[in-house]
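Sequential numbering from 458 applies to the sequence shown in my numbering. Below: the structure, in structure tokens.
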Amino acid sequence: MEIVVVGAAGRTGRLLVEKALENKHSVTALLRDPAKLPIEHERLSKVRADVFDVESLTGPLAGKEAVVIALGVTTRTTTTVFSEGARNVIAAARAGGVRRLVTMSSAGLETKHLPMMQRFVAEFVVDRVYRNIHLDLARMEDEVEASPLDWTIVRVPMLTDGPATPNYQAVVGGHIPKASRIARANVADYIVTHLDDTATYGRRVEVAN
458 MEIVVVGAAG
468 RTGRLLVEKA
478 LENKHSVTAL
488 LRDPAKLPIE
498 HERLSKVRAD
508 VFDVESLTGP
518 LAGKEAVVIA
528 LGVTTRTTTT
538 VFSEGARNVI
548 AAARAGGVRR
558 LVTMSSAGLE
568 TKHLPMMQRF
578 VAEFVVDRVY
588 RNIHLDLARM
598 EDEVEASPLD
608 WTIVRVPMLT
618 DGPATPNYQA
628 VVGGHIPKAS
638 RIARANVADY
648 IVTHLDDTAT
658 YGRRVEVAN
């Protein structure tokens, strides 16, 4: 499959690129600075692009089979990078004939199913710290859900570094009780191995260790 990874320089984005190459896909990595992705491979193309500039996305997405959005931010201030980025990626995907879209979001957007103490921490500590990010992720989810693409939103709890683990959990259209963290490598594994899973089309998926 020919895959585009948006946000390929991030810690999860790099792992997505590596996992996709490992699984024999061809990858186009979109980055503001291609030098920030220290991976070289015959099936990897690194292209300079900006999610705020839809024209820079249109060419690289044309004719591809899937696009994965793994955007991140380095501050907790007000942002529109997730929602505007998704809107522009969706526009470029539609112009280029791309049907499949997978994007990362936060499991913290829904907390009512969590045990009382974990819900208290999520709502009154974590959400206050990441409120601006969560607000824009919610806007992003609205953009994705309204699109005509075969989309999947992968909601993740706290991301951790380290190797993939064999028995992580994934629930389509539901919640994982007590989900608290997930290895970035597990997120990359789930996304890459479910790119053509039609059961996830038009659905939210939660993953956790």
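Note that the Cβ used here is the ideal one computed from N, Cα and C, for glycine as well.
Need the endpoints of the beta strand (DSSP E) that residue i sits in, please.
{"i": "residue 563", "result": "557-563"}
{"i": "residue 633", "result": "Looking at the DSSP string, residue 633 is not in any beta strand (DSSP E), and its letter there is neither H nor E."}
{"i": "residue 547", "result": "Careful: residue 547 lies outside any beta strand (DSSP E), inside the alpha helix (DSSP H) at 538-553."}
Considering only C-alpha positions, which residue in the set the options is nearest to residue i?
{"i": "residue 628", "options": "655, 606 and 665", "result": "665"}
{"i": "residue 590", "options": "477, 541 and 644", "result": "541"}
{"i": "residue 483", "options": "656, 592, 550 and 521", "result": "521"}
{"i": "residue 646", "options": "512, 614, 477 and 566", "result": "477"}
{"i": "residue 604", "options": "555, 649, 639 and 638", "result": "555"}
{"i": "residue 497", "options": "506, 507 and 485", "result": "485"}
{"i": "residue 656", "options": "642, 607 and 622", "result": "607"}
State the CB to CB distance for the pair residue i and residue j, rounded to an integer number of angstroms; the pair is presumed to be in contact (CB under 8 Å).
{"i": "residue 471", "j": "residue 618", "result": "Contact flag wrong, Cβ pair sits at about 11 Å."}
{"i": "residue 458", "j": "residue 543", "result": "That belief does not hold up - the Cβ atoms of residue 458 and residue 543 are roughly 21 Å apart, past 8 Å."}
{"i": "residue 523", "j": "residue 460", "result": "5 Å"}
Determine the extent of the alpha helix (DSSP H) in which residue i is found, giving its start and end residues.
{"i": "residue 476", "result": "468-479"}
{"i": "residue 648", "result": "641-650"}
{"i": "residue 609", "result": "First-last for residue 609: 607-613, but that is the beta strand (DSSP E), not the alpha helix (DSSP H)."}
{"i": "residue 501", "result": "Unbroken run through residue 501 is the beta strand (DSSP E), 501-505; no alpha helix (DSSP H)."}
Under the criterion of a Cβ to heavy atom distance below 6 Å, does residue i qualify as lining the ligand GDP?
{"i": "residue 630", "result": "In the structure on display, the ligand GDP does not appear, and there are no ligands present to speak of."}
Could you compute how far the alpha carbon of residue i sits from the alpha carbon of residue j?
{"i": "residue 495", "j": "residue 475", "result": "11 Å"}
{"i": "residue 546", "j": "residue 560", "result": "10 Å"}
{"i": "residue 552", "j": "residue 532", "result": "32 Å"}
{"i": "residue 635", "j": "residue 625", "result": "13 Å"}
{"i": "residue 489", "j": "residue 479", "result": "24 Å"}
{"i": "residue 578", "j": "residue 563", "result": "Only weak support exists for where residue 578 lies, its pLDDT of 49 falling under 50; the coordinates are left without a value."}
{"i": "residue 456", "j": "residue 465", "result": "Here the chain has residues from 458 to 666 only, and residue 456 is not among them."}
{"i": "residue 581", "j": "residue 637", "result": "Confidence in residue 581 is poor, its pLDDT being 48 and thus under 50, which makes the residue's placement unreliable; the coordinate value appears in the next sentence. Near 15 Å, if we compare the C-alpha coordinates of residue 637 and residue 581."}
{"i": "residue 514", "j": "residue 639", "result": "29 Å"}
Do residue i and residue j have their C-beta atoms closer together than 7 Å?
{"i": "residue 536", "j": "residue 530", "result": "yes"}
{"i": "residue 518", "j": "residue 549", "result": "yes"}
{"i": "residue 473", "j": "residue 463", "result": "no"}
{"i": "residue 595", "j": "residue 566", "result": "yes"}
{"i": "residue 602", "j": "residue 632", "result": "no"}
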